[in-house]
Structures are given as structure tokens and as C-alpha cells.
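Engineer:
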Amino acid sequence: METVRKPWRSFLFFMFLGVLAVLTLLPMYIEIIPEQLAEFGIPLTIPVHVIALLSLINPLLFIIVGLVVGHLLASRTGLVSFVYETDRFRRPFWSRLVKVLKPSILLGVLGGIIVMSVEFLIQPLLPSELQMVGASGSLSLIDFASRMLYGGVAEELMLRWGVMTLLAFLLWKIFSRKKLQPSPLLMWISIVLSALLFAIGHFGATAAITEITGIVLFRMLFLNGFLGLIYGLLFWKKGLEAAMIAHLVTHITLIVITFIFL
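Using the working numbering, read the sequence shown as starting at 6 and increasing by one per residue.
1) Helix, strand or coil for P189 per DSSP?
2) Give the secondary structure of K104 by DSSP, where H, G and I count as helix, E and B as strand, and everything else as coil.
3) Would you say the stretch 100-109 touches the stretch 41-49, given that touching needs at least three Cβ pairs under 8 Å?
4) Kindly indicate the opening and closing residues of the alpha helix (DSSP H) around I260.
5) Can you list the alpha helix (DSSP H) stretches of 4 or more residues lying completely in the stretch 193-238, in chain order?
6) Distance check for I262 and I127, CA to CA, integer angstroms please.
7) If the criterion is Cβ atoms closer than 9 Å, does the pair H252 and E160 meet it?
8) Would you decide whether A248 is buried or exposed? Buried here means 16 or more other CB atoms lie within 10 Å of its CB.
9) Which two residues bound the contiguous alpha helix (DSSP H) that contains E36?
10) For the alpha helix (DSSP H) containing E27, name the first residue and the last one.
11) Please determine, among V24, F227 and R14, the residue with the shortest C-alpha to C-alpha distance to L58.
12) Determine the contact status of G117 and I257, defining contact as a CB-CB distance below 9 Å.
13) Please list, in chain order, all residues of the same chain as F87 whose beta carbon is under 7 Å from its beta carbon, the five residues on each side excluded.
14) Below 8 Å, how does it come out for the stretch 205-212 and the stretch 53-71: are there three or more Cβ pairs, yes or no?
15) Using the beta-carbon count (16 or more within 10 Å), is A200 buried or exposed?
16) Measure from the alpha carbon of P108 to the alpha carbon of each residue in L259, L77 and L239, then state which is nearest.
17) Could you compute how far the alpha carbon of I51 sits from the alpha carbon of F45?
18) Could you check which residue in E36, Y155, S15 and I119 has the C-alpha nearest to that of F268?
Below is the structure:
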């Protein structure tokens, strides 16, 4: 009989990674907050470090919500995390992780190549604010850590472990609650919706940089949504860690291509 434990260890482990990921955003916030306040004519009456730290509360709350949702609902919808299942059911971790390395790396590289190919193709049509000229020299160590931890880990905890799991659970209970798990169609809808929500979530940041035109909107939706389809498929078929690995590899691929061609 399989041993079942309360998965608080996996929750704390992911929470630790989430906190580290959020902290990598601190230098960026410290840099951009004075610029944003000056743009709106708001005086800086509070130390910028305090404002930056307070700004980290929002992404941290999203991570916590994602962790709670995933830990409560993922296993009920047939979605898995090796860390979670090792903690709760004492199932193997490393042997399962090794099995997903190859497809995760391959899809991560492929996704990065496709995204950068589209980005290069549409560059002549984009406004100057979105041009990639000089991008290769702008990556610092903290930027790299942010892409790896926040992009590769925290976003997967929020979007796949949290949002996609919640969507799959709700769609299952609404449309096919008599079945033991969500149907493949409902899983695909969950994958697409979670990717689309993430892409739409970039509208404010994009609008703050440049005017929203047709090509700018396409770029925002494609660059941020297409990869979500890959990560969502991996989460469904291989597990949360597979999506994380692919996400990490995609960022590395993007960095390598940028340094080679720019």
C-alpha cells in the first residue's frame, strides 16, 4: 500500500525557490521605480529600496496562490510534479526526472529557435522601442538569474501548477464531472487559456513601451503565448519539472542566439 504524507515539504521547497526568484527582480525594480515616478511627476518620498521590496509582494502572492492551487488540485486532475509526488507518496524522483530530460531539452531549444526566428522576421515592422539592436550586451548576472529562476521556475509554478491546474479542474467539474479526470479536449483548452492569459498579461507592459499596433499585438501574443503551449503540453504529458526544464532551456537558447546574431 502506497504511503501518503502531507506534502508540506514540497510546498516549502517550491516556496523557497519562489522567494529566490522574486528577489532577483529587486535590482530591476530599484532601477525602474524612480524613472516611473518621475514620468508621472510623483516625488520619491520613500526610500526606493522600500518601494521595491513592497513591489515584490504582488508576484510573491501569485506564487503562493499557484502553489496552494497546485498542491490541492493537481493530483486530482491527473497532473503531476515529481517533487510533490516524492514528498507525498515517496515515489522516485531522479529516475523519473532523467526520463523527461531529452524531450524537455529538445522542445525547449525548438521553442526558442522558433520564437527568435519569428522575432527576427518581424523586426523591420516593429517600432524602434522593440528593436533588438544592442540586446546582446545588456545581460548581467542578475538578469540571467532572473530569467532562470523567475522565468523558468516561478512562472511555471504560477501558470502551469496554478492557473492551468485550476482551469483543468474547473472545466472538468463543469463539463465532465462524471469522468475520473478531465478529457484531452479540456486539457488542451486549459493549456491554450493559460498560455493566452499569460500573453494578455503583457498588454500593460507593452503599452507602456510603445503604441499597440497590429504587429505589436501579434508579437506580444505570439512570443508570450506560443511557448506556453509547449510548456503546458509538457506539464500535462510529462510533469511540472519537464515544463520547468524546457522553460529554462528556452531562455538559454534565446540568450545564445542573441549573443551570436546581435
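A virtual CB, placed ideally from N, CA and C, is assigned to each residue, including glycine.
Structural biologist: Concretely, from the data shown:
1) Counted from its first residue, the sequence shown places residue 189 at position 184. The answer is helix: DSSP assigns P189 an H, G or I state.
2) In the sequence shown, residue 104 corresponds to position 99, counting from 1. Collapsing the DSSP output to three states places K104 in a helix.
3) The count of Cβ pairs closer than 8 Å, one atom from the stretch 100-109 and one from the stretch 41-49, stays below three, leaving the stretches out of contact.
4) Position 255 of the sequence shown holds residue 260. It spans L245 to F266 - the alpha helix (DSSP H) in which I260 sits, taken as one unbroken run.
5) If one requires a minimum length of 4 residues, the alpha helix (DSSP H) runs lying completely within the stretch 193-238 are 208-214, in chain order.
6) One-based indexing of the sequence shown puts residue 127 at position 122. One-based indexing of the sequence shown puts residue 262 at position 257. Going by the C-alpha atoms only, they are around 16 Å apart.
7) Residue 252 sits at position 247 when you count from the first residue of the sequence shown. Residue 160 sits at position 155 when you count from the first residue of the sequence shown. A contact, by the Cβ cut-off of 9 Å.
8) By 1-based counting over the sequence shown, the position of residue 248 is 243. That one is buried.
9) Position 31 of the sequence shown holds residue 36. Per DSSP, the continuous alpha helix (DSSP H) segment holding E36 begins and ends at L31 to E44.
10) As a working note, residue 27 is residue 22 in the sequence shown. According to the sequence displayed, residue 27 carries Val and not Glu. DSSP places V27 inside the alpha helix (DSSP H), whose first and last residues are W13 to L28.
11) Within the sequence shown, residue 58 is the residue found at index 53, counting from 1. Closest by alpha carbon: V24.
12) What you label residue 117 is simply residue 112 of the sequence shown in a count that begins at 1. What you label residue 257 is simply residue 252 of the sequence shown in a count that begins at 1. Yes, the pair counts as a contact, with Cβ atoms nearer than the cut-off.
13) Translated into the one-based positions of the sequence shown, residue 87 becomes position 82. Cβ within range, chain order: F98, R101, L102, G244 and E246.
14) Inter-segment contact for the stretch 205-212 and the stretch 53-71 is absent: fewer than three beta-carbon pairs are separated by less than 8 Å.
15) As a working mapping, residue 200 is identified with position 195 in the sequence shown. Buried is the call here.
16) In the sequence shown, counting from the first residue as 1, residue 108 sits at position 103. That would be L239, whose Cα lies nearest to the Cα of P108.
17) Locating residue 51 in the sequence shown gives position 46, counting from the first residue. Locating residue 45 in the sequence shown gives position 40, counting from the first residue. Answer to the nearest angstrom: the Cα atoms are 16 Å apart.
18) Shown here, the chain extends from 6 to 267; a query on residue 268 therefore has no answer.
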